[in-house]
Amino acid sequence: MRRSLILDVVVQIVFHSTLLLGIFLLMTGHNRPGGGFVGGLVVGAGISLRYLSGGIDEVRRTVPFRPWTIQGSGLMLSATTVVVPVIAGRSVMEHAKFDLHLPFYGAVHINTAQFFDLGVALVVIGTILMLLVAFGETMPSLNNPYRRQESDR
Amino acid sequence: MSIVLAASTALMFSLGTYLLLQRRLSRLIIGLGLLGHGANLLLLLSGGRRGVAGIVGSTDGKVIADPMPPALALTAIVISFAVTAFLLALAHRSWQLTGNDLVEDDLEDRRIALLAAAAELDDEELEVAAAAADPSIAPGPIAEAQA
Amino acid sequence: MRLLLPLPVLACLFGAGASMAFGRQRNAQRAIGTIALSTALVAAVAILRHTDAHGTAIAHMGGWDAPMGIALVADRLSGLMAVVSAVVLLAVLVFAMGQPGTEQEQPSFHPVYLVLAAGVFLSFLTGDLFNLFVAFEMMLTASYILITLGGRLDQVRSGMTYVVINLVASTFFVVLLALLYAALGTVNMADISERMHTLPHGMRVAFALLMFVVFGIKAAVFPLFFWLPDSYPTAPTAVTAIFAGLLTKVGIYCMIRTQTLLIAKDDRISRFLLVIAGLTMIIGVLGAIAQNDIKRILSFHIVSQIGYMVLGLGLFTVAGIAAAIFYALNQIVLKSTLLLVGGLVDHGAGSSGLTRVGGLARRFPILAWLFLLPALSLAGIPPFAGFVAKLGIIRSGLDAGQGLVVAVSLAVSLLTLFSMSKIWNGAFWGEVELVVEPEDGPTARWGATVPMLGATGVLVAVSVALAVFAGPLYSLCERASTALLDPHDYLRTVLP
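Protein chains in written order, with the working numbering: chain A, 2 to 154; chain B, 679 to 825; chain C, 48 to 543.
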């Protein structure tokens, strides 16, 4: 496959800021526009940029985990966050907030809904990776008359 | 504002229905997308009057738009996003297997078509047999008489 | 209650996540699936016991009270449906583990199956119409994947029909929600129920009809059933069995719930439902008679049997709805069992076409027994549970003075028996004819592997148990039905 120099360079520059934007949206989501779904989508868009520049191999190099693992752990994280408040005697999905004081960093405001959102983001990222893997490479197909065309690209 | 939205809902529903009745999978999927967007727009319309976003501390006593319909519409959009992706995958698979994106005939249709073909064959055979028995009768009139 | 109500859903979702993360270890996936569904079963039994003793139970999600927040609400009907569904889901999962093919080859089977289960449980337990939509979509999206697992051409073709029809139904659902919200300003079911009487009569009827269409497509009632016999038989056996048993009954559950709770009794709607019921029964059974493949015959019977439940609902009497509930419970078990047997025939003999196989009773006697018991129950032969259910429907129909539709249901019952005897004659009696001679040991001896036979056997045992415990179960259904027709307890629990 022929690679485009301009696209490669631009993706190199943009990729990390896209990830940062995604994480920002994820963290800010509780009180302002944003959240797990949007954050995950933006991160996924960043990964899709990688795909555009270098194909599925580039995506594999960027994300060392399998899409299944990411999606599964996200779903588990969200489901756990939903149950934990019940153990603390509250109702399902209820969330609590508390302030921590971390050394060197300062005051941190933590809301437990954040973990639910993180799970959602992981599910979304996993889904996008799965889409890229499923459609990004030539699928093994039965008697496909168009197969040669696809691999000629 | 509201009339424009209502009109576009109607337009999307009619276009979506039209596309849904086509035989090409790609058009069908676009049609379903339009139907879904029409429904979401309707959901948005159900909230009533327009107003500012209902975020605490930013309203300044202005009229607040009902925040519920956008939330519902968002959920519906996310769901239709996933299902449309799946439909595209299915259409892709269908294209891989058959090489076109037409909707295939279903099983009963094909069976009925086979029966009809068999019935036609019988007629012709009947005509051939009749012609063999009595050469003065041409095959045409028998077919007409049977019809 | 705070934990118990969401537990079946959460256990399945958590299991789905874990199952995905362990995508490569089949045994881990199997253990996770079994544990998750067992947890759901235990929780469902606990919910049923609680609701039968203390009435409607509620769990507010996120600590927000009902009309604002989403509430999970369970009454006896939800409890009953959840318990039976959990049993069937568990048995079919075990069956799938024993069947070579889908479950062994596709790492996505277990997670998707668990998401389907979560969607089914959430449909039974939710008290919010929009949440019901979400539950439906969870269930349906999972079912889209399951029905096309394997990606064969016939699966893609029938899967396309299935997906498109259900997407149109979902669009109608969104339209229903939008119109309801515009008219009433709420999507909480109890809240809708309390405000419904403020609407003009014509609008109420329109909403009832829209709900009928939305859930009728899912339940496969008369004019909206054509997708079902086309798409179900092409899926892998375990998947067909679970679809046949559960998905249409989720539609019926929603019809019962919405027509009783949201719409007050109305003679015109009642008459309409009775006509639809009669037509569904007749068309379904006639379709079944015309078919020559076990799975396709049974798929048409799903449609035909749905008619009986709509009949019970259409009567709008305590006895009628109780009979419909009992009928639904019985059908969930029966239809899954019969389609599993269809799969066993396919597995043991190489085909489920009646003209291609024969003499299975001599070759695989266990298979024949596993088919005979539920088939007789389906046809309504005493002393099976199917007889009790049909008797209940017929008696309540006669009590309500609906002689015509009762006569139709009796005729359909005879035709069902005819159709079952057609399968029996074609596949089980006669000379032994196998398309493929099975090679592995257990299949050559009994017609199937041990988990497949075990799971089917358990379901047959459950369907016999339904007959043995028909008395207490029927009175439980009657209590559920009384609560449905007089929803004071439900409304007071949700909106105190």
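In this text, a Cβ means the ideal position worked out from N, Cα and C, and glycines have one as well.
Query	Result
Do the stretch 407-419 of chain C and the stretch 348-368 of chain C touch if we need at least three Cβ pairs shorter than 8 Å?	no
Would you call M236 of chain C buried or exposed, if buried means 16 or more other Cβ atoms sit within 10 Å of its Cβ?	buried
In or out: G107 of chain A buried (at least 16 other Cβ within 10 Å) or exposed?	exposed
Would you say R148 of chain A reaches chain C, if we count a Cβ-Cβ gap shorter than 8 Å as a contact?	Caution is warranted here: a pLDDT of 41 is assigned to R148 of chain A, below 50, making its placement in the model unreliable, and no coordinate value can be reported.
What residues of chain A sit near A763 of chain B, judged by a beta carbon separation below 9 Å?	T128 and L132
Got a sec? Which residues, its chain only, sit under 7 Å from L20 of chain A by beta carbon, not counting five neighbours each side?	V44 and G47
Between A749 of chain B and chain A, is any beta-carbon pair separated by less than 8 Å?	no
Does the distance from the C-beta atom of A118 of chain C to that of M108 of chain C stay below 8 Å?	yes
Pick from C:S466, C:A527, C:D99 and C:G406: whose alpha carbon is nearest that of V332 of chain C?	C:S466
Report the CB separation of I105 of chain C from G126 of chain C in whole angstroms; it is logged as a contact under 8 Å.	Incorrect: roughly 13 Å between the Cβ atoms, too far for contact.
Which class does N235 of chain C belong to by DSSP, given the choice of helix, strand or coil?	strand
Could you tell me the distance, in whole angstroms, from the CA atom of R77 of chain C to the CA atom of P498 of chain C?	13 Å
Ignore the nearest five residues each way along the sequence and tell me which others in L60 of chain C's own chain have a CB closer than 8 Å to its CB.	L161, V162 and A165
Classify W69 of chain A as buried or exposed, calling it buried when 16 or more other Cβ atoms lie within 10 Å of its own Cβ.	buried
So with CB distances below 9 Å, who are the chain C contacts of N718 of chain B?	V221 and A225
Strictly by DSSP, which residues pair up with V112 of chain A?	According to the sequence displayed, residue 112 of chain A carries Asn and not Val. A:K98, per the DSSP bridge assignment.
Return the first residue and the last residue of the beta strand (DSSP E) that I105 of chain C is part of.	A104 to H107
From this set, C:K342, C:G389 and C:P147, which residue's C-alpha is nearest A415 of chain C's C-alpha?	C:G389
When we look at the beta-carbon of S692 of chain B and count the other beta-carbons within 10 Å, is it buried (16 or more) or exposed?	exposed
Quick one: which chain B residues come within Cβ less than 8 Å of F105 of chain A?	The contacting residues do not exist; F105 of chain A stays about 32 Å from chain B at best.
Give the secondary structure of R728 of chain B by DSSP, where H, G and I count as helix, E and B as strand, and everything else as coil.	coil
What does I757 of chain B reach in chain C if we use C-beta pairs closer than 7 Å?	E184
Determine whether the Cβ of A46 of chain A lies closer than 8 Å to any Cβ atom of chain B.	no
Can you give me the C-alpha to C-alpha distance between D277 of chain C and K265 of chain C, rounded to a whole angstrom?	14 Å
Among C:D112, C:V135, C:T103 and C:A133, whose alpha-carbon lies nearest the alpha-carbon of D122 of chain C?	C:T103
Could you work out which residues of chain C lie near V84 of chain A, taking near to mean beta carbons separated by less than 9 Å?	L50, P53, L54, L57 and F61
Going by DSSP, name the residue or residues bridged to T173 of chain C.	C:L119
Could you confirm whether any beta carbon from chain C is found closer than 8 Å to the beta carbon of L76 of chain A?	yes
What does DSSP give as the partner residue(s) for I790 of chain B in the beta ladder?	None; I790 of chain B has no bridge partner.
With 16 as the cutoff for other CB atoms within 10 Å, does F117 of chain A come out buried or exposed?	buried
Is the CB of A767 of chain B under 8 Å away from at least one CB in chain A?	yes
Please confirm if the stretch 737-744 of chain B is in contact with the stretch 242-262 of chain C, defined as three or more CB-CB distances below 8 Å between the two stretches.	no
Which partner residues does I7 of chain A have in the DSSP bridge list?	Answer by DSSP bridge pairing: none, since I7 of chain A is not bridged.
Give me whichever residues DSSP pairs with E480 of chain C in a beta bridge.	C:G405
For A335 of chain C, go through chain B and note every residue whose CB falls closer than 8 Å to its CB, in chain order.	Under the 8 Å cutoff, chain B gives no residues; its nearest Cβ is about 13 Å from A335 of chain C.
Can you tell me which of A:V124, A:R33, A:S92 and A:V64 puts its alpha carbon nearest to the alpha carbon of I733 of chain B?	A:R33
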